[in-house]
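The block underneath contains the structure these notes are about, expressed in structure tokens.
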Amino acid sequence: MTSTTQLPAGVTVRSATDADWPALKLLAATCFGSFRDSEVTAMWRSMMPTDGVVVASVGSKIVGMAMYLDLRLTVPGGAVLPAAGVTWVAVSPTHRRRGILRVMLDELHHRIIHSGYPIAALMASEGGIYGRFGYGPAVIEQRLRVQRRWARFHSEVLDSGNVDVVCAAEHAEELAAIDERWRERTPGGLHTPPAMWAEMLADRESARHGGGPLFTLLHPDGYAMYRVHADTDSVEVTRFVAATAGAHPALWRVLLGLDLIETIAVHTYSADPLPYLLTDARQVETLGSRDSLWLSIIDIPAALRARTYQADVSAVMDVRGPGLAESRFTVTIRDGNAHVAPTDNPPDFYTDLSVLSSIYLGAHRPSAFALANRLRCHDDRLLRQLDLAFASNVPAQVGYDF
């Protein structure tokens with residue numbers, strides 16, 4: 003145990019061993035409500051560093067776990083950062099409210115920092131937990147449902163065609179190459195390793211969630227995967243990737259041409275242009291909107307220097323949050339690039355690490371946090387410049403859930 007956080011009485015925090023995994027799978031099923039196939043567990047384990055799994059035990063019983071994946075995250079401008087994808091965080095219902103979660107996460111973050119990751123990421127099962135650890139929601143997604151029978155394209159929308167119905171397993175290399183092109187330009191994009199592709203294309207019954215087998219539409223610059231739910235005459239799009247502007251309407255033309263289907267549902271990014279393609283945008287119903295990818299910036303200078311910006315800024319920023327070696331920085335942005343250095347000069351604006359992490363990919367405006375008094379800036383012109391600077395001309399999307 004290398005974290006300085008006080009351990010609860012009788013609790014030990016340590017690295018997991020191979021012998022722990024049956025207990026970890028049981029704990030995960032207990033806390034998340036379902037058992038995972040052994041092949042799925044093996045896939046996730048293949049993405050974990052050797053020190054990437056922390057367990058909490060009382061005697062011989064494992065009562066908590068937290069782990070991280072070795073990910074590659076695209077940021078605005080196309081740079082790719084190593085990112086620690088925190089996942090499988092759980093505490094047994096027999097040992098809640100004892101400080102075990104904080105001890106495990108403190109230890110896991112200590113290991114992440116020691117390994118040199120500039121940023122950490124997670125998918126939050128509960129929205130009120132991770133802000134105190136410096137995480138903020140950095141990507142927003144929405145769930146759309148289209149009334150297929152009544153959806154018609156505007157005549158001005160170009161039809162590039164070139165979409166084929168294919169067997170995904172026979173086109174695995176093409177799909178992976180398109181996915182790489184997409185994620186290399188998309189903030190929030192994640193590299194999909196071969197083990198994940200193999201698992202996705204295995205199309206296991208446990209992954210169908212009541213739907214049928216996986217269908218795939220392939221365009222030279224995009225693809226869509228979907229399942230038919232025959233009991234409701236509906237389609238669930240499980241993955242939609244468009245690496246160019248032309249691929250997006252081309253794939254949707256084919257999806258909306260599926261006879262005998264009433265509705266098509268998809269999880270997508272909040273700026274998806276689908277409603278603008280149709281003569282009646284009301285045929286696209288928004289069923290909900292929620293956060294997906296959360297980030298916590300670990301190395302502020304490295305992370306801010308990695309992305310590009312849309313406006314010039316010169317300011318001193320004061321950031322408060324857990325584990326920061328420095329909290330005050332001079333930020334000078336010129337011609338899309340940032341120079342960031344620690345300083346003792348008086349700050350021009352104050353915020354906390356969760357807010358900085360939320361605005362990092364461009365999905366949120368700094369001025370929105372200023373209205374909530376979570377970013378304090380008394381210079382309206384500077385606040386407008388921050389809004390412009392942190393915006394992204396490519397909307398943020400999440401590569402995949404983890």
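Numbering-wise, our numbering comes out as the position in the sequence shown, counting from 1, plus 2. Positions of the beta carbon are idealized from the N, C-alpha and C atoms, including for glycine. Predicted model only: the values in this text are computed from it and were never measured.
DSSP beta-bridge partners of residue i
i: L216; result: None, per the DSSP bridge assignment.
i: S59; result: T14, I64
i: E238; result: R229, A267
i: P84; result: R74
i: D166; result: L220
i: D354; result: R322
i: R145; result: H269, G290
i: T194; result: Per DSSP, none; premise fails for T194.
Which listed residue (the options) has its alpha carbon closest to that of residue i
i: A245; options: P397, A31, F37, T52; result: P397
i: V77; options: L363, G248, D389, Y311; result: L363
i: D382; options: F351, M45, V148; result: F351
i: M49; options: H231, T32, G80, M69; result: M69
i: D403; options: H193, V357, S329; result: H193
i: S157; options: T281, T52, R134, R74; result: T281
i: A365; options: P120, G163, D389, R376; result: D389
i: T19; options: Q8, P51, S36; result: P51
i: G259; options: R113, V148, S359; result: V148
i: G79; options: N375, Q312, T345, H380; result: Q312
i: A123; options: L297, D39, P84; result: L297
i: G129; options: S360, D293, S36, V65; result: D293
i: E1; options: L75, A170, I115; result: Residue numbering for the chain in the displayed model covers 3 to 404; residue 1 lies beyond these limits and cannot be assessed.
i: G54; options: W90, T310, L28; result: W90
i: R16; options: V105, A31, S394; result: V105
Contact set for residue i: own chain, Cβ-Cβ below 6 Å, skip 5 residues either direction
i: H250; result: A244
i: G190; result: V141, L295, L363, A398, Q399, V400
i: D166; result: L220
i: L177; result: Y225
i: V301; result: As written in the sequence, residue 301 is Asp, which differs from the Val given in the question. Only P120 meet the Cβ criterion.
Residue i and residue j closer than 8 Å at C-beta
i: G323; j: L355; result: yes
i: A197; j: G214; result: no
i: V342; j: R330; result: no
i: A86; j: C33; result: no
i: G138; j: V357; result: yes
i: R145; j: T265; result: no
i: E175; j: H269; result: no
i: I131; j: V13; result: no
i: G340; j: L377; result: Checking the displayed sequence, the identity of residue 340 turns out to be Ala instead of Gly. No.
i: L262; j: D235; result: yes
Reduced DSSP category for residue i - H, G, I as helix; E, B as strand; rest coil
i: F392; result: helix
i: T4; result: Note that T4 has pLDDT 48, beneath the 50 cutoff, so the model's placement of it is unreliable and no number is given.
i: I300; result: coil
i: M49; result: coil
i: G290; result: strand
i: A179; result: helix
i: E186; result: helix
i: G138; result: strand
i: L110; result: helix
i: T32; result: helix
i: F155; result: strand
i: F371; result: helix
i: A317; result: strand
Cβ-based neighbour list, residue i, same chain, cut-off 8 Å, excluding 5 preceding and 5 following
i: E41; result: E201, A204, R206
i: L253; result: V165, L219, H221, G224, Y225, A226, F242, A244
i: T345; result: V318, R330, F331, T332
Residues of its chain near residue i, where Cβ-Cβ distance is below 7 Å and the 5 sequence neighbours each way are ignored
i: P195; result: M49
i: E238; result: G213, Y228, R229, H231, A267
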